[in-house]
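Enquirer: Protein chains in written order, with my numbering: chain A, 1 to 244; chain B, 1001 to 1347.
Please find one structure pasted underneath; my questions will follow.
What follows is the structure in structure tokens.
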């Protein structure tokens, strides 16, 4: 069953057609990579799925619901979570409070006013931090973390509310090779827990972690398939050798 | 894996909060003021004014310091509530505290809620500039409106406001009114503190830093902002009523951009996002104004001196006066801990 279906989606910014008739199907329980040269429309597509941009044309169906016109709030409530391309942690809050903020998002206003769930969420916060090896830095301000740790914290925040679809926009951007390898290790255990769509430039990382790939070029989908199929595709090879 | 073996940096341990100490010192100073100034009526009046205006500063801090709402019209809620209680006293001959003070709070609440619906609750998130200009325009328009409206005294405002009544007592300026203003400020402060230190306050802190991130978590950001804006309006309304009763006067200037901007300065000067900073800022600015105004040699240009002092602090110390006393980490604090601790102890 498809967790996410993007049907003939188009998006323009003035005269620039960032996405043109894009189709994408992401099966439940898979890690699906979006790759392509710079300016190919990967991040625009991810933002259209997340609700940061609204598609001009086409339809986006998530878990059986048409979410084309839904707000980010509504998409998050439906079980979608996003990690931004530029790290969007809250630097002046502690690492602990960043994750707590992500976890308590579905709680009622009344319970937030009474701080009714703070204690109950403690174990979950610490478990989330532990999965990303940040438990020792819980009390530090998020802004004091290294770039790699900030990326991990944001992934931890995105995964904390247990989404059914996680959208990762360049999760290893700016990381050292060792940090990228560790990020792959940290993400793999989530394969059994949620569906993931990843936009990434690092093809080695994508190859390691993804089940299927979709390749975009100049706003068009030029290929979809397993990692092996995409690696064998002459069209994809041509784009990568001529444009990357 | 070397990368993961890095020893964690120990978090600063906050065993004794400087914040709590500052709060205790200010509470003590407020409690001792009537005893120390018993015979100096004009100073008691000044101190009462400081307490009332502190509530206005507090209401701005709730908006800007905690939720990132740049309200340049906080005096609107202050002034309208002041006018309402003055009119109720004049036209209905009613000034009992149990009726007029809640009425003033309700006026502040409803008016700010109306503004919130217009400025904050649109389909798309408004920009800070839109909110700042919207509130500023509201404040300016209201000032202009009452300036030309004879029913509310036009440019002269409403003077001889009926005295506030508590039971058989009429509240004149002096130690009695000071205690009433203190009670109102304490209640407002505790309400604000409860809000900003709860899990709700954590959401506000998140909104202040990255509104978009919060929306992608699934928070209805604008609802949170509208709620806190309304709560701030309610506090400003209560302050406005007390001001009208205390001064015996309310005029167009009490709801205009002049006072609204002064509320911004109270907060930025003392230290925004701290609550107590707004009280410190109000006290320093008001006392400094009073002192400078009374020095004969500089009587003509004291506002310039005051303006320079404010400018220096706001530009070179963005955490305000409180920034000299507490660290950023302590200023940020933690959220919902007290409530969680209490529940643990109960269980």
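Virtual Cβ for every residue (Gly too), placed ideally from N, Cα, C.
Which stretch, first to last residue, makes up the alpha helix (DSSP H) that contains residue 231(A)?
Expert: 227-232
Enquirer: Would you kindly report the start and end of the unbroken beta strand (DSSP E) that includes residue 169(A)?
Expert: 165-169
Enquirer: What in chain A is Cβ-close to residue 1332(B), meaning under 8 Å?
Expert: 92, 93, 94 and 141
Enquirer: Please report the straight-line C-alpha distance between residue 198(A) and residue 25(A), rounded to a whole angstrom.
Expert: Taking the CA atoms as reference points, residue 198(A) sits about 13 Å from residue 25(A).
Enquirer: Among 1241(B), 1060(B) and 1027(B), which one has its Cα closest to the Cα of residue 1132(B)?
Expert: 1060(B)
Enquirer: Would you report the Cα separation of residue 139(A) and residue 94(A), rounded to the nearest angstrom?
Expert: 5 Å
Enquirer: With a cut-off of 7 Å, does the C-beta of residue 113(A) fall near any C-beta of chain B?
Expert: Interface annotation, residue 113(A): in contact with chain B, CB-CB separation under 7 Å.
Enquirer: For chain A, find out if any of its Cβ atoms is closer than 7 Å to the Cβ of residue 1232(B); answer yes or no.
Expert: no
Enquirer: Note down, in chain order, every chain B residue with its Cβ under 7 Å from the Cβ of residue 72(A).
Expert: Those are 1215 and 1216, listed as they occur along chain B.
Enquirer: In chain order, what residues of the same chain lie with their CB nearer than 8 Å to the CB of residue 1120(B), ignoring the 5 residues before and after it?
Expert: These residues qualify, in order along the chain: 1069, 1126, 1131, 1222, 1225, 1226 and 1229.
Enquirer: CB-CB under 7 Å to residue 117(A), same chain, minus the five flanking residues each way: which ones, in chain order?
Expert: 104, 107 and 111
Enquirer: I want to see whether chain B comes within less than 7 Å of residue 104(A), judged by CB atoms only; does it?
Expert: yes
Enquirer: Give, in chain order, every residue of the stretch 49-65 of chain A whose Cβ lies closer than 9 Å to some Cβ of chain B.
Expert: 50, 51 and 52
Enquirer: Three-state secondary structure (DSSP) at residue 1299(B)?
Expert: DSSP places residue 1299(B) in the coil class of the three-state scheme, outside both helix and strand.
Enquirer: Against residue 180(A), what residues of chain B qualify as contacts under a CB-to-CB distance less than 8 Å, listed in chain order?
Expert: The contacting residues do not exist; residue 180(A) stays about 11 Å from chain B at best.
Enquirer: Given residue 1128(B), which residues of its chain have a CB within under 6 Å of its CB, disregarding the five upstream and five downstream residues?
Expert: 1070
Enquirer: For residue 1206(B), return the contacting residues in chain A, with the cut-off set at a CB-CB distance below 8 Å.
Expert: 90, 93 and 101
Enquirer: Within 7 Å of any Cβ in chain A, is that where the Cβ of residue 1323(B) sits?
Expert: no
Enquirer: Is it buried or exposed for residue 176(A), if we count other Cβ within 10 angstroms and need 16 for buried?
Expert: exposed
Enquirer: Would DSSP call residue 213(A) helix, strand or coil?
Expert: When secondary structure is reduced to three states using DSSP, residue 213(A) falls in the strand class.
Enquirer: Just the Cα atoms here: how many angstroms apart are residue 1053(B) and residue 49(A)?
Expert: 48 Å
Enquirer: Going along the chain, which residues of its own chain have a beta-carbon closer than 7 Å to the beta-carbon of residue 1208(B), five neighbours each way excluded?
Expert: 1066, 1067 and 1068
Enquirer: Could you check if residue 1299(B) is buried or exposed, using at least 16 other CB atoms within 10 Å of its CB as the buried criterion?
Expert: exposed
Enquirer: Buried or exposed for residue 235(A), please, with buried defined as at least 16 other CB atoms from any protein chain shown within 10 angstroms of its CB.
Expert: exposed
Enquirer: I believe residue 6(A) touches residue 60(A) by the beta-carbon criterion, under 8 Å. Please report the beta-carbon distance rounded to the nearest angstrom.
Expert: Contact holds; Cβ gap of about 5 Å.
Enquirer: I'd like the span of the beta strand (DSSP E) that includes residue 22(A), first residue to last.
Expert: Membership of residue 22(A) in the beta strand (DSSP E) is indicated by the continuous run 16-27.
Enquirer: Rounded to the nearest angstrom, how far is the Cβ of residue 45(A) from that of residue 4(A), given a contact under 8 Å?
Expert: About 11 Å separates the two Cβ atoms, so there is no contact after all.
Enquirer: List, in chain order, every chain B residue whose beta-carbon is nearer than 9 Å to that of residue 76(A).
Expert: What residue 76(A) touches in chain B: 1215, 1216, 1217, 1218 and 1219.
Enquirer: Taking residue 1272(B) as part of the alpha helix (DSSP H), name the residues at either end of that continuous run.
Expert: Looking at the DSSP string, residue 1272(B) is not in any alpha helix (DSSP H), and its letter there is neither H nor E.
Enquirer: With a cut-off of 7 Å, does the C-beta of residue 1200(B) fall near any C-beta of chain C?
Expert: Among the protein chains in the structure shown, which are A and B, there is no chain C.
Enquirer: Of all the CB atoms in chain B, is at least one closer than 7 Å to the CB of residue 118(A)?
Expert: yes
Enquirer: Between residue 11(A) and chain B, is there a C-beta pair that is closer than 7 Å?
Expert: no
Enquirer: Please classify residue 1080(B) as buried or exposed, where buried requires at least 16 other C-beta atoms within 10 Å of its C-beta.
Expert: buried
Enquirer: Is residue 197(A) near the ligand SAH, in the sense that its beta carbon is under 6 Å from a heavy atom of that ligand?
Expert: The ligand SAH is absent from the structure shown, which contains no ligands of any kind.
Enquirer: Please work out which residues of its chain come closer than 8 Å, Cβ to Cβ, to residue 90(A), disregarding the five sequence neighbours upstream and downstream, and give them in chain order.
Expert: 97, 98, 101 and 142
Enquirer: So residue 1058(B) and residue 1214(B) are in contact, right, with Cβ under 8 Å, and what is the actual spacing, rounded?
Expert: Taking a contact as a CB-CB distance under 8 Å, the pair residue 1058(B) and residue 1214(B) does not count as one, their CB atoms being some 24 Å apart.
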